[in-house]
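With my numbering applied, the sequence shown closes on residue 220, and no number is skipped along the way. Even glycine gets a Cβ: it sits at the ideal position worked out from N, Cα and C. What follows is one structure encoded as structure tokens, with my remarks underneath.
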Amino acid sequence: MKFFIDTANLAQIKEAKDLGILDGVTTNPSLMAKEGIVGTENVMAHYKAICEIVGKGDVSAEVISTDFDGMIAEGKVLAAINPNIVVKVPMIKDGIKAISWFTAKGIRTNCTLVFSAGQAILAAKAGATYLSPFVGRLDDISWDGMDLIAQIAHIYQTQNYKTEILAASVRNPLHIVKSAECGAHVVTCPLDAILGLLNHPLTDIGLAKFLADHKKANG
Ligand code: E4P
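Structural data, given as structure tokens:
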């Protein structure tokens with residue numbers, strides 16, 4: 002399973018990259034706004050900076066338009082920033098049309114705001130490179146986000162769809178573990194969730210004991 006970081010914060014992207022486990026980045030308009038990145042020129046420069054940090058990994062850049070022509074125009078500009086840019090398109094009717102168009106032109110896409118298996122089938126048929134089911138936002142309304150990942154994984158395997166399942170809105174270490182278990186190809190999450198995977202009290206206790214024994218024996 003690939004690890005993407007879900008942020009537009011350059012310091013956090015760099016920290017994840019330095020861990021040696023980063024495969025890519027996802028952003029969205031809320032995450033860009035959170036970093037204070039406004040205006041087309043700044044947004045483009047920020048995506049360029051993200052791509053430079055990430056190196057070979059994919060970077061999802063989301064369109065703001067909700068009509069076909071607008072999405073195509075924006076997507077072309079975004080895709081021209083760097084070969085690793087993946088155009089992120091919302092799961093709406095014009096979005097599916099745009100994903101089909103981008104696919105035909107060889108431009109890679111990430112279909113976002115996915116909350117059902119039906120939407121997942123449609124995105125795969127349109128040729129989306131990645132599909133982003135939002136696990137956490139489903140959990141927020143008392144649905145089981147992981148059930149959806151498992152259901153889509155089963156459908157994609159059965160139907161031999163090539164679209165990769167990118168578990169999104171992943172908020173904690175357990176979400177990451179469950180995504181791997183349910184067959185997600187990629188997980189995208191905040192840095193905290195990735196770092197949370199490190200934690201186990203027995204690791205801390207064990208390390209303290211090893212170091213104490215070493216000190217006792219070696220003075
Ligand atoms: C997906 O690509 C989105 O950027 C993101 O995962 C949404 O997460 P949230 O529900 O925590 O905002």
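First and last residue of the beta strand (DSSP E) that includes residue i?
i      : result
Asn111 : 110 to 115
Leu227 : Not covered by the structure: residue 227. The range shown for the chain is 2 to 220.
Val90  : 86 to 91
Please identify the residue among the options whose C-alpha is closest to the C-alpha of residue i.
i      : options                      : result
Ser66  : Val87, Ile54, Gly96          : Gly96
Ala50  : Asn85, Leu20, Gly76          : Asn85
Met72  : Leu196, Leu23, Ile100        : Ile100
Lys163 : Glu53, Thr130, Val87         : Thr130
Ala34  : Val78, Glu53, Thr8           : Thr8
Val87  : Leu192, Val178, Thr27        : Thr27
Gly137 : Thr204, Val188, Phe103       : Val188
Tyr48  : Pro202, Leu11, Ala151, Lys18 : Leu11
In the structure shown, what three-state DSSP assignment does residue i receive?
i      : result
Ser61  : strand
Val78  : helix
Ala9   : coil
Lys106 : coil
By the DSSP assignment, the alpha helix (DSSP H) with residue i in it spans what residues?
i      : result
Thr159 : 146 to 160
Ile166 : It is not in any alpha helix (DSSP H) - Ile166 instead sits in the beta strand (DSSP E) that spans 165 to 168.
Gly119 : 118 to 127
_Could you tell me which whole alpha helix (DSSP H) segments of length 4 or greater appear in the stretch 182 to 216?_
192 to 197
*Considering only residues of the stretch 14 to 53, which uninterrupted beta strand (DSSP E) runs meet the minimum length of 3 residues and lie entirely inside it, listed in chain order?*
Note on the stretch 14 to 53: whole beta strand (DSSP E) runs with a minimum of 3 residues are 25 to 27, in chain order.
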